[in-house]
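Heads up: the sequence shown is residues 1 to 254, going by full-length UniProt numbering. Read the structure below first, then the notes.
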Amino acid sequence: MPPATTPLKTEPRLSRPVQVAEAIKDWVVEQGLRAGDRLPGEADLIARFGMAKGTIREAMRILEAQGLIKTRTGPGGGSFVHEVSRQRAKALLGNYFYFRSLTIDDIYQLRLLLEPEMAASLAGQLPDEVLDRLAAIVDGYAEPARSPDEEREQHIASLGFHALLAEKASNPLLGFIIDFMVNLLSDLTVYRKLYAPPNLELWERGRDHQQRLIEALRDGKPEAARGIMAAHMETAWSLMRGQEAEMLRRFISE
């Protein structure tokens, strides 16, 4: 017996292939499918959703572009549920903000709200291996930068410190949002050249905050960790705003 036709959620602004793609996602959730599970073949999907072959194929291409399915050819091939990687999710979300001219204020407003809470939640929870990795990151910029290129690399490495903390967050949504913001800030720093000219105060105060934060995390002191991270975000926000203003000044003068 052919499968019962699954009704589409009709939304006039969505094309038919997009509606089918959304219906397939809903069906996958309803069936409790997991990454690696095989999806029905094309003939079954045509019967289930009552759509033409071209519409089904376009819907599957949409899902594959979103990273939600993976298609393999050859023996044992077909379409399979695929888990979107953290890196791909950040890239897809980053596309949304590509033309929205985010500023340092936009990013640090959220960082100041979220990162101190994450730091407090991690106090006393991180294994020595992770704490040692954090310390090694800070040791990587033990001396101030001697050139704009070195300053750029130190900025990126310093943001890697925060990305590692986000990776270990017990709240996966909080960790992802912070990791995403760190990624945005890294891109913003590079393509707007916010690392030039080198900023000795930003290096010195940022490194001090990170070293003290590691000790608070190691000693299991959530309030200290929260306070240090808040001070770190406030200082970085102020100094990075200055870097952004300098970049705009250079742009206007040129």
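Backbone N, C-alpha and C fix where the C-beta goes; we use that ideal spot for every residue, glycine too.
Asked	Found
Considering only residues of the same chain and omitting the five flanking positions on each side of lysine 193, which have a CB-CB separation below 7 Å?	Met247
Is serine 170 near the ligand COA, with its Cβ less than 7 Å from a heavy atom?	As presented, the structure is devoid of all ligands, the ligand COA included, so that no description of it is given.
Pop quiz: isoleucine 178 and methionine 118 are said to be a contact at Cβ under 8 Å. What is the actual Cβ separation, rounded to whole angstroms?	6 Å
Would you decide whether threonine 73 is buried or exposed? Buried here means 16 or more other CB atoms lie within 10 Å of its CB.	exposed
Could you check if valine 20 is buried or exposed, using at least 16 other CB atoms within 10 Å of its CB as the buried criterion?	buried
So the alpha helix (DSSP H) threonine 160 belongs to, where does it begin and stop?	The sequence shown places glycine at residue 160, not threonine. Here the alpha helix (DSSP H) through glycine 160 covers 148-167.
For residue 258, which option in Leu213, Lys53 and Glu201 has the closest C-alpha, if you only look at C-alpha atoms?	Residue 258 lies beyond the stretch modelled for the chain, which goes from 1 to 254, so this question has no answer here.
For glycine 78, report the span of its beta strand (DSSP E) as first-last.	78-81
What residue range is occupied by the uninterrupted beta strand (DSSP E) comprising arginine 72?	69-72
For residue 269, collect the residues of the same chain with a Cβ closer than 8 Å to its Cβ; drop the 5 residues on either side in sequence, then sort them by chain order.	One cannot answer for residue 269 here, as it falls past the ends of the chain, which runs 1 to 254.
Do glutamine 154 and asparagine 199 have their CB atoms nearer than 8 Å?	no
My understanding is that leucine 239 touches leucine 202, with C-beta atoms under 8 Å, so please give their C-beta distance in whole angstroms.	4 Å
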